[in-house]
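**Q** Protein chains in written order, with the numbering used here: chain H, 3 to 377; chain B, 3 to 377.
Number of protein chains: 2
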Amino acid sequence: MPRDSFEPSSRRTPAVARLSPRRRVPEATSHTIRDIARLSGFSRSTVSLVLNGDPRIKPSTRQKVWAVIQKVGYEPNCMARSLARRRSMITAVVVPKISSHLFSDYYFSESMSGISDTLSAKGYRMIIEMVTDNFLKDGMHLRLFRECQIDGMLLVGTLDTDEYVGEVLSSGYTAVLVNSWRPGCSCVVADNMGGAASVMRHLSALGHKRIGFIGGLNSTTVGLQRDEGYRRGLLECGLPEATGLVEYGDFSEQSGYEAAKKLLSKKNRPTAVFACNDMMAVGCINCARDMGIAVPDDLAVVGADDIALASYFQPRLTTLHQPMYEVGCLATQVLLDKLAGVGEWPVKKVVLTQLVIRDSSGFSREGRVSGAARK
Amino acid sequence: MPRDSFEPSSRRTPAVARLSPRRRVPEATSHTIRDIARLSGFSRSTVSLVLNGDPRIKPSTRQKVWAVIQKVGYEPNCMARSLARRRSMITAVVVPKISSHLFSDYYFSESMSGISDTLSAKGYRMIIEMVTDNFLKDGMHLRLFRECQIDGMLLVGTLDTDEYVGEVLSSGYTAVLVNSWRPGCSCVVADNMGGAASVMRHLSALGHKRIGFIGGLNSTTVGLQRDEGYRRGLLECGLPEATGLVEYGDFSEQSGYEAAKKLLSKKNRPTAVFACNDMMAVGCINCARDMGIAVPDDLAVVGADDIALASYFQPRLTTLHQPMYEVGCLATQVLLDKLAGVGEWPVKKVVLTQLVIRDSSGFSREGRVSGAARK
DNA sequence: TTGTATGCGTTATCAT
DNA sequence: ATGATAACGCATACAA
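1. Just the C-alpha distance for H/Ser106 and B/Ala312, rounded to the nearest angstrom, thanks.
2. Does DSSP put B/Glu131 in a helix, in a strand, or in coil?
3. In chain order, which beta strand (DSSP E) runs of at least 3 residues are fully inside the segment 176-254 of chain H?
4. Return the residue from the list H/Trp347, H/Asp119, H/Val190 and H/Val201 that minimises the CA-CA distance to B/Val133.
5. Between which two residues does the beta strand (DSSP E) containing H/Gly154 stretch?
6. So, helix, strand or coil for H/Pro348, using DSSP?
7. Determine whether the beta carbon atoms of H/Ser90 and H/Ile129 lie at a separation below 7 Å.
8. Got a sec: which bits of the segment 73-95 of chain H sit with their beta carbon under 7 Å from any beta carbon on chain B, in order along the chain?
9. Please name the residue or residues paired with H/Val97 in a DSSP beta bridge.
10. Using Cβ-Cβ distances below 7 Å, what residues of the segment 142-176 of chain H are close to chain B?
11. For chain B, find out if any of its Cβ atoms is closer than 7 Å to the Cβ of H/Tyr314; answer yes or no.
12. Using a Cβ-Cβ cut-off of 6 Å (strictly less than) and excluding sequence neighbours within five positions of H/Val303, which residues of its own chain qualify?
13. Taking the continuous alpha helix (DSSP H) assigned at H/Asp280, which residues delimit it?
14. To the nearest angstrom, how far is it from the Cα of H/Val27 to the Cα of B/His33?
15. Please state the DSSP three-state secondary structure of B/Val52.
16. Got a sec: is the Cβ-Cβ distance from H/Ser32 to anything in chain B below 7 Å?
17. Closest Cβ-Cβ distance between H/Ser45 and chain B: below 7 Å?
18. Give a yes or no on whether the minimum CB-CB distance between H/Leu319 and chain B is below 7 Å.
19. Restricting to Cα atoms, I'd like to know which of H/Ala177, H/Arg184 and H/Cys150 is closest to H/Thr163.
20. Here's the rule I'm using: 16 or more other beta-carbon atoms within 10 Å means buried, otherwise exposed. How should B/Cys289 be labelled?
21. Locate the beta strand (DSSP E) running through H/Gly305, then write down its first and last residues.
22. Which residues of the segment 260-294 of chain B have a Cβ closer than 8 Å to any Cβ of chain H? Give them in chain order.
23. Verify the CB distance criterion: does H/Ser254 have a CB-CB separation below 7 Å to chain B?
24. Please list the residues of the segment 120-139 of chain H that have a C-beta atom closer than 9 Å to any C-beta atom in chain B, keeping them in chain order.
25. With H/Gly159 and H/Ile216 assumed to form a contact (beta carbons below 8 Å), what rounded beta-carbon distance in angstroms separates them?
26. Considering only their Cβ atoms, is the gap separating B/Ala277 from B/Gly246 smaller than 7 Å?
27. Can you give the Cα-Cα distance for B/Ser173 and B/Val349, rounded to whole angstroms?
28. Can you name, in chain order, every residue of its own chain whose Cβ lies under 6 Å from the Cβ of B/Tyr76, other than the five neighbours on each side?
29. Anyone know if the C-beta pair for H/Tyr232 and H/Ala198 falls short of 7 Å?
30. Counting along the chain, where does the alpha helix (DSSP H) carrying H/Ala39 start and finish?
31. Tell me which residue opens and which closes the beta strand (DSSP E) that B/Ala274 is part of.
32. Thinking C-beta only, is H/Gly330 closer than 7 Å to H/Ile117?
33. Candidates H/Arg318, H/Val96, H/Leu156 and H/Cys239: which alpha carbon is nearest H/Val466's?
34. Rounded to whole angstroms, how far is the Cβ of H/Val97 from the Cβ of H/Phe110, which I believe are closer than 8 Å?
35. Would DSSP call B/Ile380 helix, strand or coil?
36. Can you list the residues of chain B that H/Leu311 reaches, using a CB-CB cut of under 7 Å?
Here it is, written out as structure tokens:
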């Protein structure tokens, strides 16, 4: 009983209840695939096949259908398509909420740009979720998959201690970690360990023997890896792991200031300091200034991240540039490959970092030195 | 012919074609509303009503149904719900793509945070779209509504010359402009005009008579309004609109440098400069330094935006703080109100700006002065 | 190659 | 108060 094709102007009409036309107010009267079928004289399926570029459709048919589509300005409904295809073309990007000023952090902004560019180039859309207490309480990390039908998830800069990450990864859904590292899952990270080691070689080459370290949170991958890189650098340069040369902060300027205070108050204070990120480097330099220690003359300071401030601060910061844009792009590509069913899985990728030499380490002209890659 | 309720374990079974069970691999076997109906012994409709908190449902039924929902961890499918409800609970946030480093700009990052917080508090999700050439070519601005069924759109910092904005607004879809201004539509902006005037009063109070202005792009609302505020400020302070005191840039540091060069090369150069944004203020100060003009002693400089750099730059920048977080929140609220059918429409809202006095204008301690509100 | 029938998971209408 | 069923708009085995 064909009840589809030749009903001139109405939607599929039920056998009996012709009395109450179910059509709701067609406010913006957008067309459906039915309209195209009717107008073009083909069936819905044919239109659908044309829409999806199926090669089985005869060219002449294809053209006729497309002509109608163009003419009436038909656009397929994503929701309906997702429902039928069971694939939403939507990716969630989950970012930690650090204060309420998340997006201003270079680290995240750069990765977001890379992610966004790569996703939209492939026709994917992204929804952004910030990890708040509510996010966790509502179990949003899994609801995004189940309720919202997202195809995949990018987890940016998560902590080793974030439990929800484990839940996502073990749930069987597709996810990639951006700049954090866990065994058994796909991760794309900047080569912080190798980069940190290159910082140490740089300072060592300048003649420094006592190089201090202001660490960050070792629950973060960057914190941990830069810490390891510091130690590896000492080894490579043949420097002893002297005591009293390491203090930890929490990545904030304030914590960098306080760590520096401890470091610089010692009888045998370091002549150079590698701070785990730029903000702590800034704190360190401010502390040195307050203590009457000149940077870079009496103390060389190197940061990491290469935030915008780094090149405007006085002295301009020598720092380890982390190519977060590239990391974002690559991570997204890994995710999309998996969704497309190509490539390996899981996969680990490392993007090289670069040492940007400015003034705070005693050089006066800017230059770049490639960081070491871990192969 | 009831074919729904008492089919123990299978989906709706067609009269004949029982041979080929259409069910595809239920990979992650998530439950549907049918499962809940079956398990609880009620109909799909009842479950749906329970799910949506309909008051007509008897409390005992409500409890029984919820018990099952909790037990099996059922979560409704957004796509199906959106399709049926014709409302997606998704909002698009459209931001201009300035270089590839969009998110690093304070202006946008702050507004995004406000938008994100407000949306997620109301159960809305946001998808972020950057305006690129492709965005425009594909007609994405309207496709988002038609294809993706977004409920509303927030347009952040658009230019007066952006044509797609007009198309969105005239299309009948719901949209709010964030920090830009057009007649006949809903806008939420920072009070840049009043704020700029307060900058002028500040400089005038410091004794400056010749106050220069480095304008931005007057195709932007902030550019235009700060320009107007500059002139209004001159008037309020009884200063003449002298010639040769105004130059324009494009908001970049470089353009600020060049504008300053012209301004400061004149025989009768200004003793103070109000730059339309912080980056141009930085360029101006760098230029002054290169010309041997001391800031703030020989030249007072005030910027606008209060980007993170402002308090780290030397000298620390006196600047007009623009509460973009609040602007983002408010704009989102306006949008959601409209979607909920409450409040007026269209609506114009102005958020006060604040003058943050630091070192570049000659003061040594930080302080805040409320900007003037336009009523 | 094209058409038919049905499914995707939910909401909304109407009848009971 | 609850149940049955038709939308919602598209995709897709399978038949023709």
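Don't be surprised by glycine CBs; every beta carbon is placed ideally from N, CA and C.
**A** In brief:
1. Residue placement at H/Ser106 is flagged as unreliable, the pLDDT there being 44, under the threshold of 50; the coordinate-derived value follows with that caveat. Those two C-alpha atoms are separated by around 14 Å.
2. strand
3. 177-180, 189-192, 213-217 and 248-250
4. H/Asp119
5. Gly154 to Val158
6. coil
7. no
8. Glu77, Pro78, Asn79, Cys80, Met81, Ala82, Ser84, Leu85 and Ser90
9. H/Met132
10. Arg145, Arg148, Glu149, Cys150, Gln151 and Gly174
11. yes
12. Val275, Ala283, Cys286, Ile287, Val297 and Ser362
13. Asp280 to Asp292
14. Note on H/Val27: pLDDT 33, under 50, position unreliable in the model; no value is reported.
15. helix
16. yes
17. no
18. no
19. H/Arg184
20. buried
21. Ala302 to Asp307
22. Val284
23. no
24. Ser122, Ala123, Arg127, Met128, Ile129, Ile130, Glu131, Met132, Thr134, Asn136 and Phe137
25. Not really, about 19 Å apart at Cβ, beyond 8 Å.
26. no
27. 18 Å
28. His33 and Ile38
29. yes
30. Ile35 to Ser42
31. Ala274 to Ala277
32. yes
33. Coverage of chain H is limited to positions 3 through 377, which leaves residue 466 of chain H absent and any answer about it impossible.
34. 6 Å
35. The displayed coordinates of chain B run from 3 to 377. Any statement about residue 380 of chain B would go beyond what the structure contains.
36. Ala310, Leu311 and Tyr314
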